[in-house]
Amino acid sequence: MIPRLKPAFDGDELAAALRQPSRTDVRQFERAFAAKFEAADAVAFPYGRTALKMFLEVVGLTDAEVIAPSYTCVVVQHAVMLSGNIPVFVDNTMTDYNMDLDQVAAAITPRTGAIVATHLFGFPLDIIRLRQIVTEAEQRYGRKIWIIQDCAHAFGARWKGRLVCEDGDAGLFGLNISKVVSSIFGGMLTFNDRGLADRVRQHRDAGLQPGGLIKSWLRFAYLAATYPAFHTLPYGLVHYLQYRTTLLDRLTKAYHLDEEVRFPPDAGTQMRPIEARVGMAQLRKYGWMIERRREHATRYAAELAAVPGWVLPPVPDGATFSHFPVRVPDRQAAVDHFARHGVHLGEVVEYSVGHLPAYRRFSEGVELPNSLYCSEHMINLPVHPQLSDAQRRRIIEIARLIR
Ligand SMILES: Cc1ncc(COP(=O)(O)O)c(C=O)c1O
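Taking the numbering used here, I'd label the letters of the sequence shown as residues 2 to 404.
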């Protein structure tokens, strides 16, 4: 079965994981990451969500409103809540699925402390317009509004030629195995301001536990398991276990907590050297990974325009396609159709955060129809770098069988 995603791990990552650990592995990864994304510095975390929470703490935000899209990964709002702040939801456009910037402008109040600008599915948000909106609001209210560019889906995405993570006060990255670059788990913040990066690093080192050898071994076991798990042959079994049994669900419960506002138990421990070394190996093949994603997306966009009822995404310059999202009239029918032909479709993002029970009280009176619609109608076609041209052609053929 063709998996919906696949980390681009091969012998390089395994060799990197097995190398002798060094105390400088994490710092080296931070430096290489900063260089790759043209930042002055970067600070590594166990998860992206921990990074966001600690950033909000360092800049001294409490009881402040933090604007973010409703159509995003729920852990963003978990980080906002757990840092003692208040989530404010904004709806997305139906073109590139990013926040509607008119609504961002309207959502800013004297209590706004930060905006998490998510570049969903790798589509760059208009960072120039966002900057204008924020500058005007800062002048109006006489207070700083922090901008966090959420690039967890948007490694290397550019708006008018400029890396989106370069703008704002920090770039936020997630590094789990579903991400474009992976360090097994992990998160990263990039900064233009070295002083701010130092403050965040100090806060991290004071607040997080070392993690220890057991965490490193568990990470190694997890890495090793990804090789067979995402291979086309055994993946059918993984798919079966996910959809027909509760086993995988139970194993991933700590990570996946859509309904409950809490972090996984190991979110309070440092990134381990093994993760940093795997991340370094990934950065070395970064150019190829992005190129391959764009190639898959371009072919899908060119060849699937006539599938009845499908709304394809745009393929703008500067998008890097963590996903290839397609709006379909009946998601379950599409998922079943592809599964029957041996392809696992993604259903990301499968919820609208503002509609989740834990967050409903924060979205009262806010209209989020697009977020709700997308959460019920979106599929993602596989675009991982190791998807072969023959597999992509097969996916296109299967899509064309839909009536
Ligand atoms: C859009 C977005 N932002 C932030 C994150 C946070 O990353 P992590 O899972 O490492 O906490 C994710 C993770 O999946 C994400 O999809």
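Virtual Cβ for every residue (Gly too), placed ideally from N, Cα, C. Treat the numbers as computed from the prediction; the structure is a model and nothing was measured.
query, result
"Whole-angstrom distance between proline 235 and glutamine 140, CA atom to CA atom", "57 Å"
"Contiguous alpha helix (DSSP H) assignments of at least 4 residues, all confined to the region 288–370", "332–341"
"heavy atom of ligand 1 below 8 Å from tyrosine 374 C-beta", "no"
"Contact check, alanine 207 vs serine 323, beta carbons under 9 Å", "no"
"Where the beta strand (DSSP E) through aspartate 42 begins and ends", "42–46"
"N- and C-terminal bounds of the beta strand (DSSP E) containing glutamate 66", "66–70"
"Asparagine 381 beta carbon near ligand 1 (any heavy atom closer than 8 Å)", "no"
"Coarse secondary structure for proline 88, derived from DSSP in three states", "strand"
"Close beta carbons around glycine 172, own chain, < 6 Å, minus the five adjacent residues each side", "Gln150, Cys152, Cys166 and Thr191"
"Glycine 347 burial status per 10 Å Cβ neighbour count (16 or more: buried)", "buried"
"Pick from Gly196, Ser353 and Leu357 that is closest to aspartate 92, judged by C-alpha positions", "Ser353"
"Endpoints, the beta strand (DSSP E) within which valine 117 is located", "113–119"
"Outcome for tryptophan 218 when other beta-carbon atoms lying within 10 angstroms are tallied against a minimum of 16", "exposed"
"Proximal residues to leucine 248 (C-beta, below 7 Å), its chain only, five neighbours per side dropped", "Leu242"
"Which listed residue (Arg220, Leu53, Gln29 and Glu260) has its alpha carbon closest to that of tryptophan 147", "Leu53"
"Burial state of methionine 95 (16 or more Cβ within 10 Å)", "exposed"
"Leucine 234, enclosing alpha helix (DSSP H) - first and last residue", "233–245"
"Cβ neighbour criterion (16 or more within 10 Å) applied to tryptophan 160", "buried"
"heavy atom of ligand 1 below 8 Å from asparagine 177 C-beta", "yes"
"Inter-residue Cα distance where the pair is aspartate 26 and glycine 49", "19 Å"
"Inter-stretch contact (C-beta, 8 Å, three-pair minimum) for the region 72–81 and the region 295–304", "no"
"Ligand 1 heavy atom lying under 8 Å from the CB of arginine 220", "no"
"Helix, strand or coil at isoleucine 185 according to DSSP, with G and I counted as helix", "coil"
"Backbone CA spacing between cysteine 74 and glycine 169 [nearest angstrom]", "20 Å"
"Arginine 361 versus Leu224, Glu260, Arg273 and Asp331, residue with shortest Cα-Cα distance", "Glu260"
"Which of helix, strand or coil DSSP assigns to phenylalanine 174", "strand"
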